[in-house]
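There are 4 protein chains.
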Amino acid sequence: MDDHTAGGGRADTAPDRALPVPDRLLSVATRLFAERGFERTSVQELVAAAGVTKGAMYHYFASKDDLLYAVYQRVLAMQTERLAGFAAAEGPIGERLHAAAADVVHTTVDNLDDTRIFFRSLHMLPEDKLAAVRKERRAYHERFRGMIEEGQRSGAFRTDVPADIAVTQFFGAVHHLSTWYRPDGELSGAAVGAYFADLFLAGLRPPETAG
Amino acid sequence: MDDHTAGGGRADTAPDRALPVPDRLLSVATRLFAERGFERTSVQELVAAAGVTKGAMYHYFASKDDLLYAVYQRVLAMQTERLAGFAAAEGPIGERLHAAAADVVHTTVDNLDDTRIFFRSLHMLPEDKLAAVRKERRAYHERFRGMIEEGQRSGAFRTDVPADIAVTQFFGAVHHLSTWYRPDGELSGAAVGAYFADLFLAGLRPPETAG
Amino acid sequence: MDDHTAGGGRADTAPDRALPVPDRLLSVATRLFAERGFERTSVQELVAAAGVTKGAMYHYFASKDDLLYAVYQRVLAMQTERLAGFAAAEGPIGERLHAAAADVVHTTVDNLDDTRIFFRSLHMLPEDKLAAVRKERRAYHERFRGMIEEGQRSGAFRTDVPADIAVTQFFGAVHHLSTWYRPDGELSGAAVGAYFADLFLAGLRPPETAG
Amino acid sequence: MDDHTAGGGRADTAPDRALPVPDRLLSVATRLFAERGFERTSVQELVAAAGVTKGAMYHYFASKDDLLYAVYQRVLAMQTERLAGFAAAEGPIGERLHAAAADVVHTTVDNLDDTRIFFRSLHMLPEDKLAAVRKERRAYHERFRGMIEEGQRSGAFRTDVPADIAVTQFFGAVHHLSTWYRPDGELSGAAVGAYFADLFLAGLRPPETAG
DNA sequence: TATGAATGAGTGTTCATTCAT
DNA sequence: AATGAATGAACACTCATTCAT
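Residue numbers (numbering that gives the first Met the number 0), protein chains in the order written: chain A, 0 to 210; chain B, 0 to 210; chain C, 0 to 210; chain D, 0 to 210.
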């Protein structure tokens, strides 16, 4: 009845009818949660936009929360996989960290919806799922921190600032991207990635290089 | 039904009964919105915790949204005022920016509730109020950017990264504080502020100082 | 705050500020009750439109119901007085009834707001006030019926239809005026009055005149 | 809270539990709206009297307004159908109009609740639904007017009063029935119908028949 | 005569979820 | 694998009225 397709714009991306029902739901949920927020999106709107019935949704997902959780898992898996690549690569740590940093910005910008949901709706997850997401997130950050510590041990990075702080600062900036970055603006994701990585790496240079 | 004994979370901080009703509501709202999120806080809980009736709340605030907006205005006013101080101070731009950066971290950490609400619930504001908040926020960022540009003109800061990007990156990290900083942890607000400012300023050093 | 003056049009008839407060309230109430209906008009809107405070209203009227009742009383008094004039006049009963019938249509059309309220909101009155209004209304109808009976006795009107039925039928049509008559239409109140009176009187002619 | 035992008014006519939910709601709504008025009937009372839950009601009707609208549609359909019969019948126009007029009175008296709601609560409908009802109502009146014009053309009825006015006057009286007719009084619906039709038709006789 | 803060019961409506089929 | 009628608790908000001043 109510066809709330309107709203934030975006080319009426009706999900591919050929896609399996769970994927269709996941993709529609990602879009709607990002556009309207998790709590402003009703299950009714969701299933209508996905072209399935409520019953079908509850067949695949235990709850609306569960759908949100599934969205998170998809994002986390993707990010973790990419980072693993940079961590395991060859080359000077400075270059590898720069590449990893630029890449996380780039892929974040390519999946702004996911990020938007991530930081806006994380607190809507039930305690247990929240813990699971946080755990995986922490693992991701630790991998990143490991690279910084590697550079600190090798003398490439400053040691007067804890690696933790640097990681936190950097990801804070990354997460914040979804609140200001506009895909139709003049800055490409790669450009922002380069700038961010430059600033980040420059911040990590040992202070004595300035003397 | 209207249960006037507060109920929930944090050292049962019943707001000072002597405080005027609007202030009481504002302070309770800040706490509850931060604890449970805006959407998860019902008007009923709110007024119960503040020890007033719904009618009283709607006498002073037009809606639940309006209460959220009032919380925002209070934060924005405070932040804007502090920044103005640093911008107008004397001394080398590098030192003034370092001080301003450290201060914004420090005061953010001292008002984590506000920040948490800010970035979690901004999207729940109605369009018009959202625009007003964004406008004021932008003015704040521009003032900060002005300091960076001043340093770029004087040669103190690198010019190969836009001031905009630097501002955005820094505030991204600041906003993110509310998701990880714990007041009862080992890092003081001042310490985090110092680290953040160090990293930030180091990131802004002209690249040639490295050569 | 909310200045609902808009709505049904009508030249923003702000009531004369020089008028005594009770009259101002009465006149504003008549307009708003007719425009939006009794229950859709809040006391807040009412006092705002009248330019007084709630306290002032409750000083003069015991309740919102009471205000409605006062509106009724004003109308009833006016109608009763006019009818008395026609009943007591000289001349053939047919002519006097025709004049009275045309007049009630005319004055109804001149006070459409009152009529609209009368039939739309009568059921919102509390039992006791409702009874009072009905009683006065009945007295009015009986006076009208008296004129018909006078004509029946004198042989001017048919006797095969009860006078009651004729009165009821006629006033039904009169009350209904407020649902279709438009002051800016092509029919004047006097014209409608003449037509209605013609039909009414013709209906009352003794059937044998047709033979 | 959700109290499934009905509560109030009239020989506790609990609606047939076997009836489908929408019909049950419609029938209960008709009764309650007529008894207490639309505004004075809360959705809570309504569903309690119908023995269903609020959720069930909102499953079938979009709003309380929508329920009122559904009541209207049912009445309008019934009336329109009956009138069509008389308009299409054989015989002198005077007799057919008399029969139609008597019948509309009779069926109105048989469905007083519907009529009461019709004229008391029409103004509570939202603009768009109001327009739909008015449109159908107008069509009904025009059909009736068509019969009068037919008689005017054939010389059976007077032509010095517009057919429109006659229709309006007659239906005004019909609508008014719900405010005074009592089913337990001494007048049967058929009797009132006959009287009304007599008066109405007599009023339409050409004036020269009086000479 | 008038104010306006405060009351508190009540309103229509929403919505995630269940379950017989 | 999927339907859709039904649930029931919760929600934001309204409003006539009171009362200390």
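Note that the Cβ used here is the ideal one computed from N, Cα and C, for glycine as well.
Nonlocal neighbours in the same chain, by C-beta distance under 8 Å from residue i, ignoring five residues either side
i	result
C/L206	The sequence given here has Pro at residue 206 of chain C, not Leu. Cβ within range, chain order: R157 and D159.
D/Y59	V20, P21 and L24
C/M0	Below a pLDDT of 50, predicted positions are generally treated as unreliable, and C/M0, at 34, falls in that range; the measurement from the model is reported next regardless. Nothing listed; no residue qualifies.
D/A189	A101 and H105
B/A138	T79
B/F195	A100, A101, V104, F169, A172 and V173
C/V42	K53, M56 and K63
Buried or exposed by the 16-neighbour rule on C-beta atoms within 10 Å, applied to residue i
i	result
A/S177	buried
C/A172	buried
A/T52	exposed
A/G90	exposed
C/G202	buried
B/E185	exposed
A/L148	Note that residue 148 of chain A is Glu in the sequence shown here, rather than Leu. Looking at its Cβ environment, which holds 16 or more other Cβ atoms inside 10 Å, A/E148 is buried.
A/R133	exposed
D/S120	buried
D/R152	exposed
B/D183	exposed
B/M77	exposed
C/A33	buried
A/G109	A quick correction: the sequence has Asp, not Gly, at residue 109 of chain A. Classification for A/D109: exposed.
C/D197	buried
B/A87	exposed
B/A47	buried
Contact belief for residue i with residue j at Cβ below 8 Å, rounded distance in angstroms
i	j	result
C/F170	C/F199	So it is not a contact: roughly 10 Å between Cβ atoms.
A/D112	A/R181	With 8 Å as the limit, A/D112 and A/R181 do not qualify as a contact, their Cβ atoms being about 13 Å apart.
A/L82	A/A99	6 Å
A/R144	A/D163	6 Å
C/V70	C/A130	Contact flag wrong, Cβ pair sits at about 17 Å.
A/W179	B/T167	6 Å
A/L75	A/R142	About 12 Å; that fails the 8 Å criterion.
Close beta carbons around residue i, own chain, < 6 Å, minus the five adjacent residues each side
i	result
A/V191	V104
D/G150	I92 and F156
D/R73	none
A/H140	V166
A/A193	A101
Interface residues of chain D facing residue i [CB-CB closer than 7 Å]
i	result
C/D197	V160
C/Q168	A172, F195 and L198
Within chain C, the residues that residue i reaches when beta carbons sit closer than 7 Å
i	result
D/E38	E38
D/V132	Per Cβ cutoff of 7 Å: no residues; D/V132 is ~12 Å from chain C at best.
Neighbour list for residue i in chain B, Cβ cutoff strictly below 8 Å
i	result
A/F118	F118, R119 and T178
A/H105	Under the 8 Å cutoff, chain B gives no residues; its nearest Cβ is about 14 Å from A/H105.
A/V191	I164
Per-residue contacts from residue i into chain B (C-beta, under 9 Å)
i	result
A/P206	D197 and A201
Interface residues of chain D facing residue i [CB-CB closer than 9 Å]
i	result
C/M123	G36, E38 and R39
C/A165	Y194 and L198
Partner residues on chain C for residue i, Cβ-Cβ distance less than 9 Å
i	result
D/T97	The amino acid occupying residue 97 of chain D in the given sequence is His; Thr does not appear at that position. Within 9 Å Cβ-Cβ: nothing; D/H97 doesn't reach chain C, min ~13 Å.
Cut-off 7 Å between Cβ atoms - residues of its own chain near residue i, not counting five sequence neighbours on either side
i	result
A/H175	none
B/F85	R95, A98, A99 and D102
B/L124	D64, L67, Y68 and V132
C/T208	Summary for C/T208: the model assigns pLDDT 49, below 50, so the residue's position carries little reliability, and this model does not support an answer.
A/A61	none
C/A49	P14, R23, L24 and V27
Proximal residues of chain A, C-beta to C-beta of residue i below 9 Å
i	result
B/H58	What B/H58 touches in chain A: nothing, since even the nearest Cβ is about 27 Å away.
Give a yes or no on contact between the region 29-43 of chain D and the region 108-128 of chain D, applying the rule of three or more CB pairs nearer than 8 Å. Segments in contact, yes.
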